[in-house]
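S.K.:
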Amino acid sequence: MELYSTKRSVPNVNFEEAVFKGLPSDNGLYMPTEIPQLPQEFFDKIDTLSFQEVAFTVANALVGDEIPADDLKVLIDDAVNFDAPVVEIKNQYNVLELFHGPSLAFKDFGARFMSRIMSYFLKKEKKEINILVATSGDTGSAVGQGFHNVEGINVTILYPSGKVSVNQEKQLTTLGGNITALEIDGVFDDCQALVKQAFLDEELNAKMNLSSANSINIARLVPQSFYYFWAYAQLKKAGKPVVFCVPSGNFGNLCGGLIAYKMGLPVEKFIAATNVNNIVPEYIKTGDFSPRPSIATISNAMDVGNPSNFPRMIALFGEEYESVIEEVQGCFYDDQQTEVAVKEVYEETGYIMCPHTGVAYLGLKQYFEATGSEANGVFLSTAHSAKFLDVVEPIIGKELEIPVELQSIINKEKVSIKMDKDFEGFKQYLLEK
Ligand SMILES: *Cc1c(COP(=O)(O)O)cnc(C)c1O
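Using the working numbering, read the sequence shown as starting at 5 and increasing by one per residue.
1) Runs of 4 residues minimum, wholly inside the stretch 186 to 257: which ones carry the alpha helix (DSSP H) assignment?
2) Just curious, the beta strand (DSSP E) that Glu9 is in, first and last residue?
3) Asn257: beta carbon under 7 Å from a heavy atom of ligand 1?
4) Mark Asp394 as exposed unless 16 or more other C-beta atoms lie within 10 angstroms of its C-beta, in which case mark it buried.
5) Assign Gln340 to buried or exposed, taking buried as 16 or more other Cβ atoms, counted over all protein chains shown, within 10 Å of its Cβ.
6) Which first and last residues belong to the beta strand (DSSP E) in which Thr160 is found?
7) Three Cβ pairs or more, each shorter than 8 Å: is that satisfied between the stretch 407 to 425 and the stretch 131 to 139?
8) Contact defined as beta carbons within less than 8 Å: I believe Ser219 pairs with Gly268. What is the distance between those atoms, to the nearest angstrom?
9) List the DSSP bridge partners of Ala387.
10) Counting C-beta neighbours from all protein chains within 10 Å, is the total for Glu101 16 or more, i.e. buried, or is it exposed?
11) Within 10 angstroms of its Cβ, does Asp112 collect 16 or more other Cβ (buried), or is it exposed?
12) Could you tell me if Phe103 is buried or exposed, where buried requires 16 or more neighbouring beta carbons within 10 angstroms of its beta carbon?
13) If you follow the alpha helix (DSSP H) that Val328 is part of, which residue opens it and which one closes it?
14) Give the secondary structure of Lys266 by DSSP, where H, G and I count as helix, E and B as strand, and everything else as coil.
15) Specify, as a first and last residue, the run of the alpha helix (DSSP H) that Leu434 falls within.
16) Taking three-plus beta-carbon pairs below 8 Å as touching, is the stretch 177 to 185 in contact with the stretch 85 to 102?
17) CB-CB under 7 Å to Glu378, same chain, minus the five flanking residues each way: which ones, in chain order?
18) Compute the beta-carbon to beta-carbon distance between Glu187 and Lys422, rounded to the nearest angstrom, for a pair I have assumed lies under 8 Å.
19) CB-CB under 7 Å to Asp205, same chain, minus the five flanking residues each way: which ones, in chain order?
20) Taking DSSP as the reference, what is the three-state secondary structure of Ile121?
21) Report yes if the C-beta distance between Gly334 and Ala345 is below 8 Å; otherwise report no.
22) Extract the residue ranges of the alpha helix (DSSP H) inside the stretch 283 to 327, only unbroken runs of 4 or more that lie entirely within it.
23) Output needed for Pro285: all residues of its chain with C-beta closer than 7 Å, excluding positions within five of it in sequence on either side, in chain order.
24) Return yes when the Cβ of Asn16 is within less than 8 Å of the Cβ of Glu70, no when it is not.
25) Would the beta-carbon of Gly150 fall within 8 Å of that of Ser119?
26) Could you compute how far the alpha carbon of Asn282 sits from the alpha carbon of Leu384?
27) Should Ile299 be labelled buried (16 or more other beta-carbon atoms within 10 Å of its own) or exposed?
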């Protein structure tokens with residue numbers, strides 16, 4: 005895989021370099037110079053394959069030039085070790101459940117794949133790395149879970165003391181092993197500042213191999229295309245076109261779908277659904293991309309005012325607005341509309357959605373109402389409803405069942421290292437580690 009920077013002012017790199025660099029030094033984003041087409045015979049037999057086999061075929065087409073097939077198979081089987089089932093809730097409405105991984109959110113796909121890719125390349129070079137990640141909650145838990153017990157990688161998670169939910173804190177602080185949680189006396193921005201300063205510190209970088217698990221790393225994007233193919237495979241026997249509605253914040257998930265489309269996956273339309281942070285739906289409507297400060301909503305994982313994957317999204321269409329809007333529609337909903345949707349779907353079908361999933365459901369509904377399309381609709385469920393208990397329980401008026409993954413964490417003991425927000429203390433800690 006050869007990758008260029010969307011700002012086009014640095015040389016191209018291969019996949020391995022892009023994974024460890026994370027971001028090109030011109031502050032663009034790495035994108036494949038070419039997206040391979042999968043052969044028709046793959047689509048002809050896709051419904052006879054397993055999720056892992058589908059994922060392997062896709063990954064092999066993208067990065068097979070740098071990882072031999074046998075190694076890649078092992079890596080995929082380990083990374084993609086939970087299902088992404090399509091569940092029909094009513095005629096034309098199918099939910100693609102992406103929350104069956106360890107942190108109960110779709111980011112598990114990205115984190116698990118990226119950690120194993122890094123470990124694979126590190127083993128080859130007999131190296132070790134130290135990953136530093138600042139979190140306000142969710143990213144830390146997916147990264148912690150995704151990198152837990154992965155060889156050659158130590159992870160230090162910095163989170164603001166008292167500023168994450170009790171469950172989130174448990175997810176960050178109960179893993180142990182190669183995952184260390186630093187509880188910083190400060191806010192998220194202080195955690196972020198410590199990590200940034202560490203990457204700039206010459207002494208630290210001379211003594212340890214520091215890296216990030218940045219959400220825009222290309223290794224997090226690749227696996228987010230797998231489950232679009234898998235959804236198609238599960239629906240193929242119906243013989244109808246497929247529409248995907250993707251609840252979006254930074255638009256990495258949607259980009260995964262667009263890559264699948266460019267690889268030949270037949271898709272009638274993509275719908276980009278957001279909460280009131282509607283920068284991309286605005287762009288689709290007007291052609292203007294105007295980032296602005298984010299607004300807090302109940303679908304808070306999508307509270308993004310400057311969607312980081314936007315340059316990738318348009319790069320996939322040759323940066324032509326007209327081509328983007330041919331394939332991607334936009335829509336957005338406020339909290340009240342989202343609450344009504346969660347309640348409506350529960351009362352009508354018994355299915356319980358998290359607020360992000362509720363936004364996606366609304367996008368699909370609006371599409372069907374506006375177009376009369378007969379397609380099979382797929383809306384992506386990015387998190388388990390139990391991760392958002394405080395929002396969902398009052399809406400449906402009932403206590404939720406807590407999945408075992410969360411329950412077992414709630415009973416574990418928190419282990420964290422308390423630390424001031426001053427850099428010298430943090431640096432000393434890292435050097436002594
Ligand atoms: C991260 C996240 C999103 C947004 O995904 P993007 O790839 O940033 O668009 C949506 N829902 C949940 C639950 C998330 O954690």
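C-beta: ideal position from N, C-alpha, C; glycine also. Treat the numbers as computed from the prediction; the structure is a model and nothing was measured.
M.R.: So, to answer that:
1) 192 to 204, 206 to 211, 222 to 225, 230 to 239
2) Note that residue 9 is Ser in the sequence shown here, rather than Glu. Here the beta strand (DSSP E) through Ser9 covers 6 to 9.
3) yes
4) exposed
5) exposed
6) 157 to 164
7) no
8) In fact, because the Cβ distance is near 27 Å, the residues do not count as touching under 8 Å.
9) Ala109
10) buried
11) Under this definition Asp112 is a buried residue.
12) buried
13) Segment 325 to 331, the alpha helix (DSSP H) holding Val328.
14) helix
15) Annotation for Leu434: the continuous alpha helix (DSSP H) segment containing it runs 427 to 436.
16) no
17) Lys244
18) 5 Å
19) Lys431
20) helix
21) no
22) 283 to 290, 314 to 319
23) Ala276, Thr278, Gly334, Cys335, Phe336
24) No, Cβ-Cβ distance for Glu70 and Asn16 is not below 8 Å.
25) yes
26) Cα to Cα, the separation comes out at about 18 Å.
27) exposed
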